[in-house]
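Below: the structure, in structure tokens.
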Amino acid sequence: MNKNAHHSRQQNSKDVIMINEEEDEPKISKKIKNDNEDDCVINVDVIPWMSKKTMMIRHPVLRLHNEIIEFFEYISPSDQEHKRRVTAYLRVEKYLQDVAPESQIESFGSFKTRMYLPNADIDMVMIDSSCTQKQLFKKVAAKMMKQTNKFENVNLIANAKVPIIKFIEVESQYHFDLSFNQLDGLKQIEELEKAFEIYPELKFLLMTLKCVLRQRDLNETYSGGVGSFLLFQMILAFLREYRKDFFQHNKQDQIKNVTLGEYMIKFLEFYGIKFDVSRKKIVMGQGGKIENKSTQDDRFSLISPQDPDHDVGHSSYKIKEIFKIFQNRHNFLTNYNFKSGESVLRYLINPTDQKFSFLKPAQV
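Using the working numbering, count along the sequence shown one by one with no gaps and you end on 1693.
So this is what it looks like as structure tokens:
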């Protein structure tokens, strides 16, 4: 395994460019300039991501645009945070390599792409073609259960479609998910990186919506929620559909002027109001499309781009609850009379006055 891959840094979104609203340039990853900065008071425990410049933007949708960028910068792992995770990963990798020397061990998911929330699990996979998935699972599980000085809260999920060992590494207190002979996660990495390049708005929407779901405990697929990869596919499907209208009317040059605030509101509308779960399915392969289901049911259907027989959405049995939240937030954002200087994003990710869940130490 190439260990240097874990240290590679995504494009640094902190070097965002301040632009005037009238400039005909792409707005994604660029903050909208506001020159009327006054003495403002921001509750840093509730909305720690928001700057005074953004607070003074008059139009709520433009304010939301800047807030999404600032939230992305705030919530994304720093180099120091990521290095600590890499160090913990390498310790676990060494232990697993000693248990099964012939196996290949890789990371995948948000840890690999560096698109994770502060409390996210680290996803790992062990690959050994000389034994079955369950054989490898049992072998590792038996060893890990005895290593109480290295691992705690070891949870063996043996009866799932994909057997997983969930555990906490004692030294770092990071949570890990370990799967076996499962290549899907590795195949997804290239797709993720390609999509981030084609759709620069995707990473901002992904990190924000991850937090929306996490704040409501609806971010785990095994408990009926929407996991990171499914959420990525949902956002990608939305962006493809949203862009189609521009191309059909020969207005593709206007896509660059769509703000992140508009994208967010349209996403909430797409799934919260327009998408018919019982009648429609999303097919991600071959450029993506939305089709009628052969038979109506209440399950969310999103067909994997890698395997046309794999419905990624079926496990998310709480999807109607999630879409209801999207509908509620869309209706609120489009009808509420926001006060001057009020955070718009907080009504998505921290709608109470409680301390923000992912509060980080103040940067000096």
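Quick reminder that beta carbons are idealized off the backbone N, C-alpha and C, glycines included. What you are looking at is a predicted structure, and each value in this text was computed from that prediction instead of being measured.
| Item | Value |
| --- | --- |
| Those residues which DSSP pairs with glutamate 1396 across a bridge | Per DSSP, none; premise fails for glutamate 1396. |
| 8 Å Cβ shell around arginine 1545 - same chain, five flanking residues per side excluded | Ile1654 |
| 3-residue-minimum beta strand (DSSP E) runs that sit fully inside the region 1396-1469, ordered along the chain | 1433-1437 and 1451-1456 |
| Residue of Tyr1503, Ala1470 and Phe1480 minimising C-alpha distance to alanine 1487 | Ala1470 |
| Proximity test, Cβ basis, 8 Å: threonine 1681 and chain C | Any reference to chain C falls outside this structure, which holds one protein chain only. |
| Cβ-based burial, threonine 1442 [other Cβ within 10 Å; buried from 16] | buried |
| Residue(s) in a DSSP beta bridge with serine 1508 | Val1454 and Ile1493 |
| Test item: CB-CB of phenylalanine 1575 and phenylalanine 1596 under 8 Å | no |
| Own chain partners of lysine 1516 with C-beta closer than 7 Å, once the 5 adjacent residues on each side are dropped | Gln1635 |
| Local Cβ density within 10 Å of threonine 1383, reported as buried at 16 or more and exposed below that | buried |
| Assigned exposure category for aspartate 1457 - 16 Cβ within 10 Å defines buried | buried |
| Supposed contact pair methionine 1385 and glycine 1670 - C-beta distance, whole angstroms, cut 8 Å | 7 Å |
| Complete beta strand (DSSP E) runs within the region 1599-1665 (minimum length 3 residues, chain order) | 1609-1612 and 1618-1621 |
| Short Cβ contact (8 Å threshold) for leucine 1446 with lysine 1539 | yes |
| Distance between proline 1430 and methionine 1536 (C-alpha atoms, nearest Å) | 36 Å |
| Three-state class that DSSP yields for glutamate 1519 in the structure shown | helix |
| DSSP-derived helix/strand/coil call for glutamate 1570 | helix |
| For leucine 1565 and isoleucine 1527, the rounded distance between their alpha carbons | 10 Å |
| 8 Å contact criterion, which lysine 1684 and valine 1375 should meet: CB distance rounded | 7 Å |
| Cutoff 7 Å; reference serine 1380; Cβ partners in own chain excluding five residues on either side | Glu1399 |
| heavy atom of the ligand COA below 7 Å from lysine 1382 C-beta | Looking at this structure, you won't find the ligand COA or any other ligand, since it has none at all. |
| Integer Cβ distance of glycine 1514 from lysine 1647, believed to fall under 8 Å | Their Cβ separation, rounded to whole angstroms, is 22 Å, which puts glycine 1514 and lysine 1647 out of contact at 8 Å. |
| Range covered by the alpha helix (DSSP H) that runs through phenylalanine 1533 | 1531-1543 |
| Alpha-carbon to alpha-carbon, proline 1680 and valine 1641 | 30 Å |
| Neighbourhood of serine 1608 by C-beta distance below 7 Å, restricted to the same chain and skipping five residues each side | It should be pointed out that residue 1608 corresponds to arginine in this sequence rather than to serine. Contacts found: Asn1621, Lys1622 and Gln1625. |
| 7 Å Cβ shell around glutamate 1598 - same chain, five flanking residues per side excluded | His1659 |
| Cβ-based burial, glutamate 1351 [other Cβ within 10 Å; buried from 16] | Its pLDDT being 41, under 50, glutamate 1351 is placed unreliably in this model, and the coordinates cannot settle the point. |
| Cα-Cα separation between tyrosine 1503 and aspartate 1452, rounded to whole angstroms | 11 Å |
| Buried/exposed call for aspartate 1368, threshold 16 Cβ in 10 Å | Only weak support is given to the placement of aspartate 1368: the predicted model assigns it a pLDDT of 45, under 50, and the question is left unresolved by the model. |
| Residues that DSSP places opposite leucine 1547 in a beta bridge | Answer by DSSP bridge pairing: none, since leucine 1547 is not bridged. |
| Other residues of its chain near proline 1637: CB distance less than 7 Å, five sequence neighbours each side excluded | Gly1614 |
| Pairwise C-alpha distance: glycine 1438 and leucine 1521 | 9 Å |
| Nearest-angstrom Cβ-Cβ length linking phenylalanine 1509 and proline 1529, presumed shorter than 8 Å | Contact flag wrong, Cβ pair sits at about 35 Å. |
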